[in-house]
Amino acid sequence: MNLAGFFLKHQAEILQATAEHIWLVGVAMALAIAIGVPLGVLVARRPWLSKPILGGANIAETIPSLALFGFLLPVPWLGDRADRLAITALTLYALLPIIRNTSAGILGVDRGVREAARGMGMTGRQILLQVELPLSLSTVLAGVRVATVLTVGIATIAAAVGAGGLGEFIFRGLAMVNDQLILAGAIPAAALALAADFLLSVCERRLRPAR
Amino acid sequence: MKTPAAECPVIEFRKASFRLESGQTLLKSMSFAVPRGEKLVLLGRSGAGKTTALKLINRLLEPTEGEVLVEGRSTMEWDPITLRRHIGYVIQETGLFPHFTVERNIAVVPRLERWPEDRIRARVKELLELVGLEPEKFAKRYPHELSGGQRQRVGVARALAADPQILLMDEPFGALDPLTRGEIHLEFRALEQRLGKTIVIVTHDVSEALLLGTRIGLMEAGELTGMHSPKEFLSCNEPIATAYAAHLWMLKQAEREK
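Top to bottom, those sequences are chains A and B.
All residue numbers for the first sequence refer to the working numbering, where the first residue is 1 and numbers rise by one.
All residue numbers for the second sequence refer to the working numbering, where the first residue is 1001 and numbers rise by one.
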């Protein structure tokens, strides 16, 4: 049976796995943004915090993904459900690029612009929300893009702990030495990564401040 | 009752000094008073402490010794946010928000002060006309779509938005080419005479000082070395003033020789 035929035959399963995959990545990214952007702001504001925060995120990044899933398995509540565990691990991986780009974006805002904002009587919060974050949005988004592409790839490993997603096919294919099965997971995963990269790069370009 | 505001100087430095944490002194015991309606120019070379002095007025910096009074109250007693919204601030062209249209840039302070939307719109239109930019043409543009001179006009309009009685200007026209600068100087002089605000301008350009100032404060190495009217300035024998006068004379001479 050729590949196209295989895909057609297992269409429903592949779509189901793709949906699971998108769900895992989507939730993890939402969490990573919710945690990473405030941490990035903190790093930009308090340089002495940059070592512990960026260092911590860096360490999370270097743990081999299969090992990280394994480490989290015995953690209470997290280990109870495979998707919780997978989402936690993916969030940890996504944090570093988001934190780093947020702080870089904020530190990159023109000094004159910030000085003018202070001189006009904006509070620290107003400067952050009305000036610094809008001006660093495209840099933050570049971080989100890198993190998303990374997570789409790593999410295939989530199948190892039973969280589903496109990794199911890959692991099954490996076990059964079936190339078609492996490709049924790998091709949609690659397509997802490319699509996410493309969409986010379009957003990023739109949001880039004109100078 | 306090004395009426007209009697106390709008801005007063009382032996105000500013020292960095490293111990370097940027401003040494500066004392002077600016009465209402005066246009004071602080003139000096780069690094003379002019900008530092200006930032002490709206409390972007705080004096390490002595005090600075605005409307008779020490800047340390003012809430910094209230103080800054009370004072217009113009810096070189970089100060416009690149992600805001001209309209939104001018509306920053009124919006922070929660003016109703229609009052903001009317004010923006009025200000654009005041600084010589057609509202229909310019309101929706972004700063990068403007020329240097136009940006500077927007900067002035933005500082005037909430009708502050005090205006601080840090090298406001420094980034402009000499011809545009000359035009804007003349326009701005007419404008300041009409508005009657109290203005402190920092510059290293002696012709700007003579044209815009009603008084010129000379600064060198963190100290105020003299205060003169533009007329006195050219005839006084203070070394820096003489140097500036010589510079002007040289320019004229070069013109004549051509």
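Every residue, glycine too, gets a C-beta built ideally from N, C-alpha and C.
Original post:
Would Glu204(A) count as contacting chain B if we go by Cβ distances under 8 angstroms?
Top reply: Numbered from 1 along the first sequence, position 204 holds the residue referred to as residue 204(A). False, the Cβ-Cβ gap to chain B never drops below 8 angstroms.
Subject >> Among Gly5(A), Glu13(A), Asn2(A), nearest to Gly185(A) - alpha-carbon criterion >> reply: One-based indexing of the first sequence puts residue 185(A) at position 185. Comparing Cα-Cα distances from Gly185(A) to each of Gly5(A), Glu13(A), Asn2(A), the minimum goes to Glu13(A).
**OP:** Step through the CB atoms of chain A and report whether any lies within less than 8 angstroms of the CB of Gly1095(B).
**Re:** Within the second sequence, residue 1095(B) is the residue found at index 95, counting from 1. At least one CB of chain A lies nearer than 8 angstroms to the CB of Gly1095(B).
**OP:** Confirm, please, whether the CB-CB distance from His1204(B) to Ser1046(B) is below 8 angstroms.
**Re:** Position 46 of the second sequence, counted from the first residue, corresponds to residue 1046(B). Position 204 of the second sequence, counted from the first residue, corresponds to residue 1204(B). In contact: Ser1046(B) and His1204(B) (Cβ atoms closer than 8 angstroms).
Original post:
What's the C-alpha gap between His1144(B) and Phe1097(B)?
Top reply: For the purposes of this step, residue 1144(B) is taken as residue 144 along the second sequence, with counting starting at 1. For the purposes of this step, residue 1097(B) is taken as residue 97 along the second sequence, with counting starting at 1. Using only the alpha carbons, I get a separation of about 10 angstroms.
Original post:
Does Pro1172(B) come within less than 8 angstroms of chain A when only Cβ atoms are used?
Top reply: Position 172 of the second sequence holds residue 1172(B). Cβ-Cβ to chain A under 8 angstroms: no for Pro1172(B).
Original post:
Whole-angstrom Cβ separation of Gly143(A) and Thr102(A), contact assumed at under 8 angstroms?
Top reply: For the purposes of this step, residue 143(A) is taken as residue 143 along the first sequence, with counting starting at 1. For the purposes of this step, residue 102(A) is taken as residue 102 along the first sequence, with counting starting at 1. Beta-carbon to beta-carbon, Gly143(A) and Thr102(A) are separated by about 7 angstroms, close enough to satisfy the 8 angstroms threshold.
**OP:** Tell whether a beta-carbon distance below 8 angstroms holds between Leu54(A) and Leu72(A).
**Re:** Numbered from its first residue, the first sequence carries residue 54(A) at position 54. Numbered from its first residue, the first sequence carries residue 72(A) at position 72. The Cβ atoms of Leu54(A) and Leu72(A) do not sit closer than 8 angstroms to each other.
**OP:** Compute the distance between the beta-carbons of Leu31(A) and Ile87(A), then report whether it is under 8 angstroms.
**Re:** Indexing the first sequence from 1 puts residue 31(A) at position 31. Indexing the first sequence from 1 puts residue 87(A) at position 87. Yes, these two residues count as a Cβ contact at 8 angstroms.
Original post:
From the beta carbon of Pro212(A), is the nearest beta carbon of chain B less than 8 angstroms away?
Top reply: Because chain A spans 1 through 211 in this model, residue 212(A) falls outside it and cannot be assessed.
Subject >> Chain-ordered neighbours of Val140(A) on chain B, where CB pairs are closer than 9 angstroms >> reply: Walking along the first sequence from the start, residue 140(A) turns up at place 140. Listed along chain B, no residue sits closer than 9 angstroms to Val140(A) by beta-carbon distance, the nearest being about 14 angstroms off.
Subject >> Length of the line joining the Cα atoms of Leu137(A) and Glu204(A) >> reply: Here residue 137(A) corresponds to residue number 137 of the first sequence, with the count starting at 1. Here residue 204(A) corresponds to residue number 204 of the first sequence, with the count starting at 1. Inter-residue distance for Leu137(A) and Glu204(A) is about 8 angstroms (C-alpha atoms, whole angstroms).
Original post:
Along the chain, which unbroken stretches of the alpha helix (DSSP H) at least 4 residues long are found entirely within the region 1102-1156 of chain B?
Top reply: Entirely contained in the region 1102-1156 of chain B, the alpha helix (DSSP H) runs reaching 4 residues are, in chain order, 1102-1106, 1108-1112, 1117-1130, 1135-1138.
**OP:** Answer yes or no: does any C-beta atom of chain B fall closer than 8 angstroms to that of Arg118(A)?
**Re:** Reading the first sequence from its first residue, position 118 is the one you call residue 118(A). Judged by the 8 angstroms Cβ criterion, Arg118(A) is in contact with chain B.
Original post:
Straight-line CA distance for Pro76(A) to Ala28(A)?
Top reply: The count along the first sequence starts at 1 and reaches residue 76(A) at position 76. The count along the first sequence starts at 1 and reaches residue 28(A) at position 28. Going from the Cα of Pro76(A) to the Cα of Ala28(A) covers about 19 angstroms.
Subject >> Within 8 angstroms of chain C by C-beta, residues of the region 1099-1114 of chain B in sequence order >> reply: Absent from the structure is chain C; the protein chains it does hold are A and B.
Original post:
Any idea if Ala1005(B) is buried or exposed, counting beta-carbon neighbours within 10 angstroms, 16 or more meaning buried?
Top reply: Within the second sequence, the letter at position 5 stands for residue 1005(B). Residue placement at Ala1005(B) cannot be trusted, given a pLDDT of 49 that sits under 50; the coordinates are not used to answer.
**OP:** Mind checking the region 1064-1086 of chain B against chain A and listing, in chain order, the residues whose C-beta falls within less than 9 angstroms of any C-beta there?
**Re:** Flagged, chain order: Pro1080, Ile1081, Thr1082, Leu1083, Arg1084, Arg1085, His1086.
**OP:** Check the Cβ of Ile1091(B) against every Cβ in chain A and list those closer than 9 angstroms, keeping chain order.
**Re:** As a first step, residue 1091(B) must be located in the second sequence, where it is residue number 91. Within chain A, the residues placing a beta-carbon under 9 angstroms from that of Ile1091(B) are Gly112, Glu115, Ala116, Gly119, ordered along the chain.
Original post:
Can you name the start and end residues of the alpha helix (DSSP H) that Gly173(A) belongs to?
Top reply: Looking up residue 173(A) in the first sequence gives position 173. Judged by DSSP secondary structure, Gly173(A) falls within the alpha helix (DSSP H) whose first and last residues are 167-175.
**OP:** Would you kindly check if the distance between the Cβ of Ile154(A) and the Cβ of Ser65(A) is under 8 angstroms?
**Re:** One-based indexing of the first sequence puts residue 65(A) at position 65. One-based indexing of the first sequence puts residue 154(A) at position 154. Taking a C-beta distance under 8 angstroms as the contact criterion, Ser65(A) and Ile154(A) qualify as a contact pair.
**OP:** Report back the beta-carbon spacing between Ile1057(B) and Leu1168(B) to the nearest angstrom; my notes put them in contact at under 8 angstroms.
**Re:** As a first step, residue 1057(B) is located in the second sequence; it is residue number 57 there, counting from the start. As a first step, residue 1168(B) is located in the second sequence; it is residue number 168 there, counting from the start. In this structure Ile1057(B) is in contact with Leu1168(B), their Cβ atoms being roughly 6 angstroms apart against a cut-off of 8 angstroms.
Original post:
Using the rule of at least 16 other Cβ atoms within 10 Å of the residue's Cβ for burial, across every protein chain shown, is Leu3(A) buried or exposed?
Top reply: Counted from its first residue, the first sequence places residue 3(A) at position 3. It counts as exposed.
**OP:** Compare the C-beta of Ser201(A) against all C-beta atoms of chain B and say whether one is closer than 8 angstroms.
**Re:** Taking the first sequence and counting its residues from 1, one reaches residue 201(A) at position 201. Ser201(A) is outside the set of residues whose beta carbon lies under 8 angstroms from a beta carbon in chain B.
Original post:
So Arg1153(B) and Thr1101(B) are in contact, right, with Cβ under 8 angstroms, and what is the actual spacing, rounded?
Top reply: For the purposes of this step, residue 1153(B) is taken as residue 153 along the second sequence, with counting starting at 1. For the purposes of this step, residue 1101(B) is taken as residue 101 along the second sequence, with counting starting at 1. With 8 angstroms as the limit, Arg1153(B) and Thr1101(B) do not qualify as a contact, their Cβ atoms being about 15 angstroms apart.
Subject >> Per-residue burial, Leu95(A) [other beta carbons within 10 Å of its own, 16 or more giving buried] >> reply: Here residue 95(A) is taken as the residue at index 95 of the first sequence, counted from 1. Counting Cβ neighbours within 10 Å, Leu95(A) comes out buried, since at least 16 surround it.
Subject >> Cross-chain neighbours of Met122(A) in chain B, by beta carbon under 7 angstroms >> reply: As a first step, residue 122(A) must be located in the first sequence, where it is residue number 122. Near Met122(A) (Cβ distances below 7 angstroms), the residues of chain B are Leu1112.
**OP:** Kindly say whether Ile1011(B), judged by its beta-carbon, lies nearer than 8 angstroms to any beta-carbon of chain A.
**Re:** Locating residue 1011(B) in the second sequence gives position 11, where the first residue counts as 1. Chain A, which has no Cβ nearer than 8 angstroms to the Cβ of Ile1011(B), makes this no.
Subject >> Gln126(A): contacting residues in chain B (beta-carbon distance under 8 angstroms) >> reply: Counting from one through the first sequence, the residue named residue 126(A) turns up at place 126. Leu1112, listed in chain order.
Original post:
What residues are listed by DSSP as bridge partners for Gly1226(B)?
Top reply: Counting from one through the second sequence, the residue named residue 1226(B) turns up at place 226. Its beta-bridge partners are Leu1218(B).
Original post:
Does DSSP put Ser942(B) in a helix, in a strand, or in coil?
Top reply: Summary: the structure shown does not reach residue 942(B), with chain B confined to residues 1001 through 1258, and so no result is reported for it.
Original post:
Quick one: is Val131(A) near chain B, going by C-beta distance under 8 angstroms?
Top reply: Taking the first residue of the first sequence as position 1, residue 131(A) is located at position 131. Cβ-Cβ to chain B under 8 angstroms: yes for Val131(A).
Subject >> C-alpha gap between Glu1038(B) and Leu207(A), whole angstroms >> reply: Here the question's residue 1038(B) lines up with position 38 in the second sequence. Here the question's residue 207(A) lines up with position 207 in the first sequence. Their Cα atoms are separated by approximately 44 angstroms.
Original post:
Between the beta-carbon of Glu1192(B) and the beta-carbon of Gln1092(B), is there less than 8 angstroms?
Top reply: As a working mapping, residue 1192(B) is identified with position 192 in the second sequence. As a working mapping, residue 1092(B) is identified with position 92 in the second sequence. Going by C-beta atoms, Glu1192(B) is not nearer than 8 angstroms to Gln1092(B).
Original post:
Straight-line CA distance for Val202(A) to Gly164(A)?
Top reply: By 1-based counting over the first sequence, the position of residue 202(A) is 202. By 1-based counting over the first sequence, the position of residue 164(A) is 164. Each residue's Cα considered, the two are about 29 angstroms apart.
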